[in-house]
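Student:
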Amino acid sequence: MNLPEELKYTKDHEWVRMEDGIATIGITEFAQRELGDIVYVEVETVGETVAAGEVFGTVEAVKTVSDLFMPIEGEIIEFNEELESSPELVNESPYEKGWMIKVKVSGDLPSDLLTAAEYAELIGA
Numbered sequence: 001m002n003l004p005e006e007l008k009y010t011k012d013h014e015w016v017r018m019e020d021g022i023a024t025i026g027i028t029e030f031a032q033r034e035l036g037d038i039v040y041v042e043v044e045t046v047g048e049t050v051a052a053g054e055v056f057g058t059v060e061a062v063k064t065v066s067d068l069f070m071p072i073e074g075e076i077i078e079f080n081e082e083l084e085s086s087p088e089l090v091n092e093s094p095y096e097k098g099w100m101i102k103v104k105v106s107g108d109l110p111s112d113l114l115t116a117a118e119y120a121e122l123i124g125a
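What follows is the structure, given as structure tokens:
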């Protein structure tokens, strides 16, 4: 299982990459494997400030629809528009091409974000 060390993770299976006060967020390799083939990603919260723990969008797979939970508080400034025509990027490249949103972070990162080792333990990897 690919779990990049430089990322932070949530118990809801999202990942966070911080760069200069901007967080890039997506779902983990584990999450996309559990969901199966991703057919649609919906994020209608661009331009809004969303609190940590709130839903920022949904991901639809062949078998199910799942909410996407905001791991940090901040303003959603960008949606990965490539996912509109190629949602399978979430399956093929969850940590690179399959990112979902970029967020201008408000305040500090939550203390409940997990390291790669802690997340691996959570999912039994």
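Taking the UniProt record's numbering, the leading residue of the sequence shown gets 1, the next gets one more, and so forth.
For glycine and all other residues, C-beta sits at the position ideal for the given N, C-alpha and C.
1) Excluding the 5 residues preceding and the 5 following residue 55 in the sequence, name in chain order all residues of the same chain whose CB lies nearer than 7 Å to its CB.
2) Could you pull the start and end residues of the beta strand (DSSP E) that residue 66 belongs to?
3) Can at least three beta-carbon pairs, one atom from the segment 7–15 and one from the segment 76–88, be found at a separation below 8 Å?
4) Measure the CB-CB distance between residue 76 and residue 48 and report whether it falls below 8 Å.
5) Going by C-alpha to C-alpha distance, which of 40, 91 and 43 sits closest to residue 31?
6) So what's residue 41 in DSSP terms, helix, strand or just coil?
7) In whole angstroms, what is the alpha-carbon distance linking residue 157 and residue 62?
8) Locate the beta strand (DSSP E) running through residue 105, then write down its first and last residues.
9) Since residue 79 sits in a beta bridge, which residues does DSSP pair it with?
10) Report the CB separation of residue 39 from residue 60 in whole angstroms; it is logged as a contact under 8 Å.
11) What do you get for residue 57, buried or exposed, if any count of 16 or more other CB atoms within 10 angstroms of its CB means buried?
Tutor: Looking at the coordinates:
1) Locating residue 55 in the sequence shown gives position 55, counting from the first residue. So the qualifying residues of the chain are 67, 68 and 69.
2) Start at 1 with the first residue of the sequence shown, and residue 66 comes out as number 66. Element bounds for residue 66: 65–69.
3) No, because fewer than three Cβ pairs between the segment 7–15 and the segment 76–88 fall closer than 8 Å, the two stretches do not touch.
4) Taking the first residue of the sequence shown as position 1, residue 76 is located at position 76. Taking the first residue of the sequence shown as position 1, residue 48 is located at position 48. It is a contact, given that the beta carbons lie within the stated cut-off.
5) The residue given as residue 31 occupies position 31 in the sequence shown. That would be 91, whose Cα lies nearest to the Cα of residue 31.
6) By one-based count along the sequence shown, residue 41 stands at place 41. Here residue 41 carries a strand assignment [DSSP, helix/strand/coil].
7) Coverage of the chain is limited to positions 1 through 125, which leaves residue 157 absent and any answer about it impossible.
8) In the sequence shown, the residue the question calls residue 105 occupies position 105. First-last of the beta strand (DSSP E) with residue 105: 101–105.
9) Walking along the sequence shown from the start, residue 79 turns up at place 79. In DSSP, residue 79 forms a bridge with 101.
10) The residue given as residue 39 occupies position 39 in the sequence shown. The residue given as residue 60 occupies position 60 in the sequence shown. Taking a contact as a CB-CB distance under 8 Å, the pair residue 39 and residue 60 counts as one, their CB atoms being some 5 Å apart.
11) Taking the sequence shown and counting its residues from 1, one reaches residue 57 at position 57. Flag for residue 57 reads buried.
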